[in-house]
Amino acid sequence: MAAVLIVDDEVQILRALQINLNARGYSTVTAFSGQGALEQAAKHQVDVIILDLGLPDLDGVEVIRRLRRWNEVPIVVLSARHGSDDKIQALDAGADDYVTKPFGMDELLARLRAALRRGAPGDAPIVKTDGFTVNLPAKQVTRRGVAVRLTPTEWNILELLVRNSGALVTHEEILTQVWGPGYAGETAYLRVYLAQLRRKLEVDPGNPRHLLTETGLGYRFQE
1 MAAVLIVDDE
11 VQILRALQIN
21 LNARGYSTVT
31 AFSGQGALEQ
41 AAKHQVDVII
51 LDLGLPDLDG
61 VEVIRRLRRW
71 NEVPIVVLSA
81 RHGSDDKIQA
91 LDAGADDYVT
101 KPFGMDELLA
111 RLRAALRRGA
121 PGDAPIVKTD
131 GFTVNLPAKQ
141 VTRRGVAVRL
151 TPTEWNILEL
161 LVRNSGALVT
171 HEEILTQVWG
181 PGYAGETAYL
191 RVYLAQLRRK
201 LEVDPGNPRH
211 LLTETGLGYR
221 FQE
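Counting along the sequence shown from 1, when you hit position 155 you're at 155 in the UniProt record's numbering, and nothing is skipped either side.
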């Protein structure tokens, strides 16, 4: 059963989509705002996102950009914006498909099936370092062939860093995606959890080679 995150501030459309998708065997998660979409995507492992662009807080294109910093889940835009510039911006930001309102349910379902095929498990990478291996599809870490037990929070932090391999991920981005926007200033949380991850994964936790601190800014994963 594929899980779909539906993001739309029009309650009638959101409920209609939810009812139709549930009736066809999909499980659904909903959000009414851009920030809500980011929070739900961080909390739930969804297989595809249906995203409206005209949201009350963040523009949908900005939501796509933020999602693409750490998440490769297929995104199907469902929007009343018909202009070619809107479509280009959404697709350039990382959307996989674009459907305009009003729409036919059969067409939307076909687009969803196509997006799910493109984003099927197995496309996500397995990342190997000299000390440990991160299997993103299986949500598993091994060290010298032995599975390493991570808490859900440790895994969420590690996955976010690994999916942004080589790039700085700021304190605020990690805290917002893992704990929610109310924790954006709680950098002490990160110090504790990064120390735990280093003890479990790094050969020399005091001199990490893969889970690196960018002082005053955030953290970076280096293969």
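Even glycine gets a Cβ: it sits at the ideal position worked out from N, Cα and C.
Distance between beta carbons of residue j and residue i, contact taken as under 8 Å
i, j, result
"Ala41", "Leu67", "6 Å"
"Phe132", "Arg117", "Wrong, their Cβ atoms sit about 31 Å apart, outside the cutoff."
"Leu161", "Tyr219", "6 Å"
"Leu91", "Asp52", "About 16 Å; that fails the 8 Å criterion."
"Val99", "Val76", "6 Å"
"Asp47", "Ala2", "4 Å"
"Ala80", "Gly54", "7 Å"
Option nearest residue i by Cα separation, candidates the options
i, options, result
"Gly34", "Tyr98, Gln89, Ile50", "Ile50"
"Glu214", "Tyr189, Ala114, His171", "His171"
"Pro125", "Val46, Thr187, Asn71, Leu211", "Asn71"
"Thr187", "Glu10, Val148, Leu175, Leu109", "Leu175"
"Ala110", "Leu58, Val134, Leu21, Ser165", "Leu21"
"Val141", "Leu108, Leu112, Gly166, Arg198", "Arg198"
"Asn156", "Pro205, Ala80, Glu39", "Glu39"
"Arg149", "Gln177, Val178, Gln196", "Gln196"
"Tyr26", "Glu10, Ala37, Leu5, Gly36", "Leu5"
Counterpart residues of residue i in DSSP-defined beta bridges
i, result
"Asp57", "Answer is none; Asp57 lacks a bridge partner."
"Ala31", "Val7"
"Gln140", "Asn135"
"Ala147", "Thr142"
"Phe221", "Leu211"
"Lys128", "Thr133"
Whole-angstrom distance between residue j and residue i, CA atom to CA atom
i, j, result
"Gly185", "Ala93", "27 Å"
"Gln18", "Thr28", "6 Å"
"Asp8", "Thr151", "32 Å"
"Gln163", "Arg69", "Note that residue 163 is Arg in the sequence shown here, rather than Gln. Cα to Cα, Arg163 sits roughly 8 Å from Arg69."
"Asp97", "Val203", "43 Å"
"Gly182", "Val192", "18 Å"
"Phe221", "Pro208", "10 Å"
"Val169", "Gly104", "39 Å"
"Trp129", "Ile64", "Looking at the sequence provided, one finds Thr at residue 129 rather than Trp. About 29 Å."
"Val127", "Gly60", "30 Å"
"Leu201", "Leu190", "16 Å"
"Ala114", "Gly216", "42 Å"
"Asp106", "Leu112", "10 Å"
"Glu223", "Ser165", "7 Å"
"Arg24", "Gln45", "19 Å"
"Asp123", "Lys139", "Residue confidence is low: Asp123 scores 46 on pLDDT, short of 50, so the model does not pin down where it sits. No coordinate-derived value is stated."
"Glu62", "Pro205", "36 Å"
"Asp86", "Lys101", "13 Å"
"Leu211", "Ala167", "11 Å"
"Val178", "Leu136", "16 Å"
"Ala95", "Gly180", "23 Å"
"Glu10", "Leu194", "40 Å"
"Val146", "Leu108", "43 Å"
"Lys43", "Leu14", "19 Å"
Residue i burial status per 10 Å Cβ neighbour count (16 or more: buried)
i, result
"Glu173", "buried"
"Glu154", "buried"
"Pro74", "buried"
"Ile88", "exposed"
"Gln12", "exposed"
"Gly83", "exposed"
"Gly36", "buried"
Minimum Cβ-Cβ distance from residue i to chain D less than 7 Å
i, result
"Asp85", "The structure shown contains no chain D; it holds only a single protein chain."
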